[in-house]
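Structure first, then comments.
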Amino acid sequence: MRTWQVQDVMTTDVATVREGTAYREIVDVLTGRHVTAAPVVDGAGRVLGVVSEADLMYKVELQGQPQPRRILPDRHRREARAKAAATLAADLMTAPPVTVAPDASLVEAARTMDVRGVKRLPVVDDLGRLVGIVTRGDLLKVHLRPDADIQRDVCDEVLRRTLGVPDGVVDVTVHGGVVTLTGQLDRWSTVRLALRLARQVSGVVEVVDALGYAIDDAPMAALRAGGATPAGIA
């Protein structure tokens, strides 16, 4: 079952700058393209860093302001002062860049953004060359999938192909990305698996469980899971 990948939602027409691009030109690029950041690339298209509005704002905030007298100013303040005085992308950019591969899942990309505290990720190939960019807004596009497409994936990929459930055994309805599964399967463990796989379908917001089962194999499933009690895994 294929879930959406970064390459399915990324922007390929990316605004970029070079290391030697001047401050004013960077501002022109960002405002002209209506973006908040641009990857800095070399002559081969490899991503060296990212320069964002936040990097540029230090000049607005600190330029011309007296530097407070501190014997050992903190690292953030030193970096802020350096960027306030910088005039080229090479000195303004945040490096090394946090990037992602085009075949990474949207879950991987979202987790990387959260852990690394960034709002966008340059998408690079195996050689580090820029092929696109993905933002938090792009990741949300998966939830614009039509309900009919989600229903088809649940029916075809989850129930029929993966679990081998005959047509008509489980009724699948989707409204606003919320999937409801109604019917009866053979085993408790099959119900659990169907619910888990349905949640992994791209665009699913929630899965409502209205399934029954003929055989309660929860104790056996608990043993296979390493001895957990049925209540602990239900």
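Counting from 20, one number per residue, gives the positions in the sequence shown under the numbering used here.
Each residue gets a CB set at the ideal place from its N, CA and C atoms; glycine is no exception.
This one's a predicted model, so the numbers in the text were calculated from it and none came from an experiment.
| Query | Result |
| --- | --- |
| Whether T35 touches L149 by CB criterion (8 Å) | yes |
| Same chain only: Cβ atoms within 8 Å of D61, ignoring 5 sequence neighbours per side | R37, E38 and L67 |
| Residue burial classification, T31 (beta-carbon count within 10 angstroms, cutoff 16) | exposed |
| For V117, the three-state DSSP class (helix, strand or coil) | coil |
| Cα-Cα separation, T55 to V142 | 16 Å |
| Inter-residue Cα distance where the pair is R180 and G222 | 19 Å |
| Start and end residues, beta strand (DSSP E) containing R206 | V197 to R206 |
| Status (buried if at least 16 other CB within 10 Å, exposed otherwise) for T201 | exposed |
| Outcome for G156 when other beta-carbon atoms lying within 10 angstroms are tallied against a minimum of 16 | exposed |
| Of the residues D228, V173, V198 and L212, the one placed nearest T255, counting alpha carbons only | Look at the range of the chain in this structure, 20 to 253, and you will see that residue 255 is not part of it. |
| Cβ of D27 within 8 Å of any chain C Cβ | Of the protein chains in the structure, only one exists, and it is not chain C. |
| Top-ranked residue by Cα proximity to Q203, from D190, Y77 and V48 | D190 |
| Reduced DSSP category for D61 - H, G, I as helix; E, B as strand; rest coil | coil |
| Residue closest to E176, alpha-carbon to alpha-carbon, out of A63, M239 and A217 | A217 |
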